[in-house]
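Numbering (my numbering), first residue to last: 736 to 1717.
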């Protein structure tokens, strides 16, 4: 009895199972009160954390702190065009396809749908001790599509910064939600800054002169940040001007200095903190590098997967060595806590989005939205009259017998950031659903080959389980493999049942993969024919060569070299181009579907090398056209192609990005005329052989790159896209033709647009500007506003577009500020950057621009007007920029309109030089003339290191006035500043 009584008493005294820990703050602690300002709650909560707890929160996987009611937390859920990597979820078109819609409202609605599905995944109960699916979504990507060969072209919206920012703002607003206090999800802009190359992306430095920084790169981020719809930013792997982005000053100087930017959480890219020492060798040790990243503004370290111990150890060491301060840790943790409070973590009873459940994932409304997005993204590039006369070939004539040619006509491909498709609707499926199977024939147009082993004498064969061996005596269906050419010698091999040849993880090959779908693709091969006529096969995922096991005949990737590879006799059983021609000849219209697999030859980690279609796709296309002139090319791709022959020869060409689960149905509806196409190209399509700048040349001004500066005619211009109807434009009218050059002023341009055709359709009305007489190189045309409108036949509408006066300006390097010059500007309205139907001229009044102060004032070397044979580099590890010449061709810097007052007696340079011996800088007034002496020659000695700066001077008899100054840098040196002295 006594024991029972004692047990009962103990039970009575024990806290309930759901009671807070004994050291928990009181229920009325300020941070628990949702009525208090967020900043006050964060300050209170921060003060209750130990230093160890705060440091642990700096890793991507932050542990829970039960005594404070904080659950485990993770940054990052991929949500670029749907929820990624978490299972089935609605899959919208690729981001570049969403860019082709030019539709702000659509992007906002897609953002709402995606964030709603993220909330549904977040509601799932996580395993014990694990964080819920994060509401911090890593989307959108706002890197402008500067270069068409960039491997991640599919992830961005557009080549133009205004279009990129407008669509990103719309998408992030949808992701954020419209509640004044609580956010549905917390969007993260990727990848800051100047990131458009996969080649050596962790070690290359993007040269970003100030004008390109302020006019092209930063606007992509500034729009959504200032709109108040962004919670976080992710720096990119690369360096900018010699300094890694994860320790760059631009995070603080720009992002967090803008309205609504002060509290931005900065999440590192995966393994980027370790790269600061490992790949980039920018710092000597990880404690130093992590301290620098923390000081620059990185708040969450995505490093070493789910193991936070390495990050915790490095930051703790940085604190102990005095490299970082607890105040810097506090600032980072405060930004994370602010984000978590905005997401309602501590106020579930007040969070308006907390009740969203799994029923929203791939719901009927989201499916319809996915189809609408895919329809709106289709771009009609060409639509000529039908062969033999008549109207345009598209839409397809009623009752036409169709031939669908190409494997992409009967497939729907994902990309690395797609979710798992709930279902696939291919173009072939959709057309047969509408027209009946008898009206739509199909061939993949691929060669079927048989491979006979030299060592075993048997043909390769795939059994019902997909196991492949060189054991067959004759060629039947199981011995035929379809070869899909993706260009540059890369191909995939498919067995008769459609499954791809792959490896099982141990180097044994089997036909068991549905698609290439891994980070390191295991389904690609190179077939290399030798002088003996035999073919050796290389497995590209491992780099090894294919061998045949003795006895079993099993196919393996065990051979270390080509010499050890199995020689095969290759026989073409069926030529794909011949089948394509036969099918096309039997049809009224042939639809050739060509394009890319987003996992191959142009993707994250791999840039493209050219703009051409894969050779076998081109061969099938030409064969189909030779058999039937009524051939349409349907490009489904993540990026542009140089399809000059198709543009000259075929009656119709369309492009769409990979359209997600509804892409095939949407394309069919456009082809059949249910909807008039109204997608517009979000980037320039270049001609074959047309000049492209080097992939690492980020100076769009100097290289005349992008539609902004391109002075050649491309294959298709930015903004291009045709319709099944036609539109007329009236006269462009401005609300005022003359006004002061006030950056806060806005100009309204109104134009009457009429549907002059016989079909309803959407038109994308585009407004561009051009400086008539600019003193500096400015864009030949620059997008200022746009509107996608729907008009019935005969309907007209007044469309009002606006231009901020500030947007007519440029970054003034002479004064380190934005300026809008007085003068004349043209405002041009039309259907693309090259199809401008109406224009108006305005005049901005104001004082003339001031010259560059140069006498007694330091002129930063980076603020040149023009340059040659130099690079932009870091002045110190943390701040400042300089110019470097390499010691080969002389470097040249041009500074225009320098005010030298009454004249100078000398010139002083801030320089550093690592190499022994001396170099020199020549100072010329005006363009150097061969044989003419410079105004001064300044010798540059070795200073002992790239950060060992010193000043060197030389006498110079420089007359006064406003003059252009040219510097010629001879030898390897770094130059930070120049200053003329009286």
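Beta carbons are placed, not taken as given, at the ideal position from N, Cα and C, and that holds for glycine.
None of these values were measured; they are calculated from a predicted model.
The DSSP assignment places no complete run of the beta strand (DSSP E) inside the stretch 1055-1081 (cut-off: 3 residues). The three-state secondary structure of residue 1501, taken from DSSP, is strand. Burial state of residue 1496 is buried, judged by a 10 Å Cβ sphere holding 16 or more other Cβ atoms. Secondary structure at residue 1608: strand, using DSSP grouped into helix, strand and coil. Under the three-state reduction of DSSP output, residue 1508 falls in the coil class, being neither helix nor strand.
In the three-state reduction of the DSSP assignment, residue 1378 falls in the coil class.
For residue 1633, the pairing in a beta bridge is given by DSSP as 1587, 1698.
In the DSSP annotation of this structure, the continuous segment of the alpha helix (DSSP H) that includes residue 1009 starts and ends at 1007-1010.
Per DSSP, residue 1404 is one residue of the alpha helix (DSSP H) stretching across 1398-1406. Our two residues, residue 968 and residue 1001, have alpha carbons roughly 5 Å apart in a direct line. By the criterion of at least three beta-carbon pairs nearer than 8 Å, the stretch 854-867 is not in contact with the stretch 884-898. For residue 1663, the secondary structure class from DSSP, reduced to helix, strand or coil, is coil. Ranking 1504, 1292, 1697 by CA distance to the CA of residue 897 puts 1504 first.
The stretch 759-778 makes no contact with the stretch 1040-1059; the number of CB pairs closer than 8 Å stays below 3.
The three-state reading of DSSP puts residue 980 in helix, counting H, G and I together. Excluding residues up to 5 positions away in sequence, 1234, 1235, 1236, 1237, 1257, 1258 lie with their Cβ nearer than 8 Å to the Cβ of residue 1248 in the same chain. Under the DSSP assignment, residue 1167 falls outside any beta strand (DSSP E), being part of the alpha helix (DSSP H) whose first and last residues are 1162-1170. For residue 1412, there is no enclosing alpha helix (DSSP H), since its DSSP letter is neither H nor E. When the alpha-carbon of residue 1541 is set against those of 1601, 1533, 1475, the nearest one is in 1475. When beta bridges are read from the DSSP output, residue 967 appears opposite 923, 1000.
Rounded to the nearest whole angstrom, the CA to CA distance from residue 1074 to residue 1088 is 15 Å.
Within the DSSP bridge table, the entry for residue 1273 names 1261, 1280 as partners. In the structure shown, residue 809 falls within a strand segment according to DSSP collapsed to helix, strand and coil.
Boundaries around residue 1481 are those of the beta strand (DSSP E), 1481-1490, since no alpha helix (DSSP H) includes it. Residue 993 sits close to residue 961, with the two beta carbons spaced by under 8 Å. If you keep only unbroken beta strand (DSSP E) runs of at least 3 residues inside the stretch 1516-1540, you get 1517-1526, 1531-1539. When DSSP reads this structure, residue 1468 sits in a beta bridge with 1485. For residue 1371, the pairing in a beta bridge is given by DSSP as 1330, 1391.
In the displayed model, residue 955 falls within a helix according to three-state DSSP. Between residue 1197 and residue 1246, the C-beta gap is smaller than 8 Å, which places the two residues in contact. Contact between residue 801 and residue 791 is ruled out by a C-beta separation of about 14 Å, above the 8 Å threshold.
About 19 Å separates the beta carbons of residue 1136 and residue 1409, which is beyond the 8 Å limit, so they are not a contact pair. A distance below 7 Å between beta-carbons, with the five flanking residues on each side excluded, links residue 953 to the following residues of its chain, in chain order: 989. Under the 8 Å Cβ criterion, the stretch 820-834 counts as touching the stretch 1382-1400, having at least three qualifying pairs. Contact annotation: the stretch 1329-1342 touches the stretch 879-891, with at least three C-beta pairs closer than 8 Å. The beta carbon of residue 1148 is closer than 7 Å to those of 1250, 1332, 1333, 1393 in its chain, skipping five residues each way along the sequence.
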